[in-house]
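Per numbering that gives the first Met the number 0, numbering through the sequence shown is continuous, rising by one, with the last residue being 492. Remarks on the structure that follows.
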Amino acid sequence: MPNNEFGDFQTPIELARALVSALPRRRWARVLEPTCGVGNFLSVIGEQHPGAERVGIEVQPEYAAAASTFGRVVTASIFDFDLARDIAWTSEPGPMLVVGNPPWVTNSQLSVLGSSNRPARANTDNVRGIDAITGSSNFDIAEYIWVKLLTEFSDRPVTIAMICKTQVARNILLYCARRQLPVTGSSLRMIDAKKWFAAGVDACWFSVELGPGKTDYTAQAFPSIDASQPDSRIGVVDGQLVANVAAYERSKHFDGPSPLIWRQGIKHDASAVMELTENNGPRTKLGTGVDIEADYLYPLFKCTDVYRDKLSMVSRWMIVPQSHTGDDTAQLADSAPKLWKYLTDNAIALDGRKSSIYRNRARFCIFGVGPYTFAPYKIAISGFHKVPQFRMVGPYHGKPAVFDDTTYLLPFEDATACAVAYALLTGQESTDLIAALAFWDSKRPVTKKLLQRIDLSAIARASDRRTLRERALAANSSIDAVDQAIDRFTSRS
Ligand SMILES: C[S@@+](CC[C@H](N)C(=O)[O-])C[C@H]1O[C@@H](n2cnc3c(N)ncnc32)[C@H](O)[C@@H]1O
């Protein structure tokens, strides 16, 4: 998908045909294609709904001229257009459809391009509403166009169906719910954006019904354009956007603060220095042996090791020069002279760390280190992978494992508490809650915020004790110890 200022990528005609065929079977009286390009949707509407009055809006005159074969096309920027007032429909009012594929470009890409193809500041009030909802000022231009259509047409029944990123569809659902727009139903069909647009994003055909009737801010999610059955429903429940409404309904009692604090792995921004490979002892990436005090070396696992369960052998080490981010590293000169020499020999890489978090800190400091780092037992999960895989990790020859900063972990002093937490996290209640809360198309679908919402105590109280005990025992051998650990969870609030 080219990132030019018009987010210009014309929808292939076969795709437009398939998408229009997936719409509700209605006799559309009026069809609008905003940002119509060469008018592929207008042309398909002509084939499938010849009785409909067709109007397009397009900013690039050559495209507008091409599209005018298929309907009346206004050459204008949609940003300067009042959709409710400026379209002079000639047909009798009747079922109205808006179809299309708004530009795929973000506000900040446009500013990098120095483009003026954006809404005037005065017109961005609604979009500021979107910022407030999504927490991002880098909204997609498509989001702005959705909001414009939904607000300007909110006084009449209309179906709006457009191609957009799934992230845009979610933001729009949340926006509609927060603004209480008269949405009576919606659906979302996944599109293979790689195949059709050579774009590495999750895109969908998002269709929203506006009109009188009971409002509904959830959307049926279909796995493909022509799927006859939805595989889930996403949307807003109790003011929150969830990825799977049914799973959320089943698990919302467990959506509470976790009694245990999730931690992120260690961040150091200097892997060439701080990470060593195991090959007959620790070595640099270039293969040079590194001789430093063993107390500062820990078995290291990265998020991919955690995800793939490559945890049986130590293949990397991490140098952990502090037990707290605030510790002074200068004292290592006395307490660990070999480590000190190694760090000062490699100081260029460490002193050159760009992130401002290292400013005014101890010279060789790291982040994400604390007593939890040194807990012998941990449950770890990758933040990057698309399937939640919790792993129990014990010590290696008495040394606790450490993780990179794309991994999240729960620390435990004893193996049994770790086994019970593992059984709680991998049971149906937690699995449902994660299915409800995680959006797998995000770059980092599993976040600390999400994990912190899994209320392990509520799950322990609701679980059948025998099953829970068996599952914990499968990971740890003493019944008494497992029972005591379960008691500790059930009595936590
Ligand atoms: C992703 S393409 C889609 C074109 C067409 N809707 C289709 O599906 O084939 C986006 C289109 O939006 C047009 N466009 C970009 N900015 C616009 C604006 N401010 N007003 C109207 N059209 C615009 C571009 O010229 C381009 O043709």
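Glycine included, C-beta positions come from ideal geometry on N, C-alpha and C. Remember, predicted model here, so these are calculated numbers, not experimental data.
For the alpha helix (DSSP H) containing residue i, list its first residue and its last residue.
i      : result
Cys302 : 302-307
Arg465 : 464-474
Val392 : That residue, Val392, is in no alpha helix (DSSP H); its beta strand (DSSP E) goes 390-392.
Val244 : 244-250
Ser355 : Per DSSP, Ser355 belongs to no alpha helix (DSSP H) and is neither H nor E.
Ser334 : 331-334
Gln427 : 427-436
Leu424 : 414-424
Ile86  : From DSSP, Ile86 is part of no alpha helix (DSSP H); its letter is neither H nor E.
Leu349 : 346-350
What is the rounded straight-line gap between the Cα of residue i and the Cα of residue j?
i      : j      : result
Val392 : Leu149 : 50 Å
Gly70  : Phe221 : 31 Å
Ala332 : Glu292 : 12 Å
Thr466 : Trp27  : 56 Å
His267 : Pro298 : 15 Å
Asn122 : Tyr216 : Confidence in Asn122 is poor, its pLDDT being 49 and thus under 50, which makes the residue's placement unreliable; the coordinate value appears in the next sentence. Looking at the two C-alpha atoms, the distance is approximately 25 Å.
Pro229 : Arg249 : 18 Å
Glu208 : Ala141 : 18 Å
Arg25  : Leu96  : 10 Å
Ile265 : Asn116 : 43 Å
Arg84  : Ile190 : 33 Å
Ile318 : Arg390 : 23 Å
Ser399 : Val313 : Note that residue 399 is Pro in the sequence shown, not Ser. The straight-line gap from Cα to Cα measures roughly 11 Å.
Asp463 : Val481 : 14 Å
Pro1   : Arg282 : Any reading at Pro1 must be qualified, since the residue scores a pLDDT of 43, below 50, and its modelled position is unreliable; the value itself is stated next. One C-alpha to the other measures close to 44 Å.
Val235 : Ala64  : 41 Å
Arg358 : Lys284 : 27 Å
Ile171 : Gln321 : 45 Å
Thr89  : Glu52  : 8 Å
Thr214 : Phe366 : 47 Å
Gly199 : Ala192 : 7 Å
Arg443 : Tyr407 : 11 Å
For the beta strand (DSSP E) that contains residue i, what are its first and last residues?
i      : result
Lys377 : 376-381
Phe40  : Careful: Phe40 lies outside any beta strand (DSSP E), inside the alpha helix (DSSP H) at 39-47.
Trp316 : 315-318
Arg25  : Where Arg25 is concerned, there is no enclosing beta strand (DSSP E), given that its DSSP letter is neither H nor E.
Val98  : 95-99
Out of the options, point me to the one whose CA is closest to residue i's CA.
i      : options                        : result
Val167 : Leu187, Leu180, Ser153, Pro156 : Leu187
Glu274 : Tyr295, Asp254, Gln263         : Tyr295
Phe205 : His252, Leu423, Thr165         : Thr165
Phe8   : Gly99, Cys364, Thr446, Ala226  : Gly99
Pro156 : Gln388, Gln47, Ala459, Pro94   : Pro94
Gly55  : Asp404, Pro101, Thr406         : Pro101
Gly426 : Gly50, Ala218, Arg468, Trp145  : Arg468
Gly351 : Lys301, Pro92, Ala269          : Ala269
Tyr473 : Ala418, Thr406, Ser441         : The question names Tyr, but residue 473 in the sequence shown is Ala. Selected option, being the one with the closest Cα: Ala418.
Arg452 : Tyr376, Arg470, Leu259         : Leu259
Leu82  : Thr74, Ala21, Lys147, Glu57    : Lys147
Arg307 : Leu338, Tyr341, Lys385, Ala271 : Lys385
Arg460 : Phe363, Thr446, Ala484         : Ala484
Ala226 : Asp139, Ala66, Lys447, Ala17   : Ala17
Ala271 : Phe152, Ile144, Glu91, Tyr341  : Tyr341
Val58  : Gly50, Gly38, Gln47            : Gly38
Cys302 : Leu31, Asp327, Ile378, Leu349  : Ile378
Per the DSSP calculation, residue i is bridged to which residue(s)?
i      : result
Ser231 : Ala220
Gln263 : Tyr407
Cys163 : Cys203
Trp145 : In DSSP, Trp145 forms no bridge with anything.
Met273 : Answer is none; Met273 lacks a bridge partner.
Val73  : Ile56
Arg177 : Answer is none; Arg177 lacks a bridge partner.
Phe366 : Lys266
Thr105 : Asp139
Asp254 : Ile453
Glu208 : Thr158, Gly184
Gln239 : Val236
Arg282 : Thr276, Gly288
Val401 : Leu299
Tyr62  : Its beta-bridge partners do not exist; DSSP assigns none.
Tyr395 : Lys398
Pro190 : At residue 190 the sequence reads Ile, which differs from the Pro that was named. Ala202, per the DSSP bridge assignment.
Glu578 : Outside the shown range of the chain, which is 0 to 492, sits residue 578, and nothing can be said about it.
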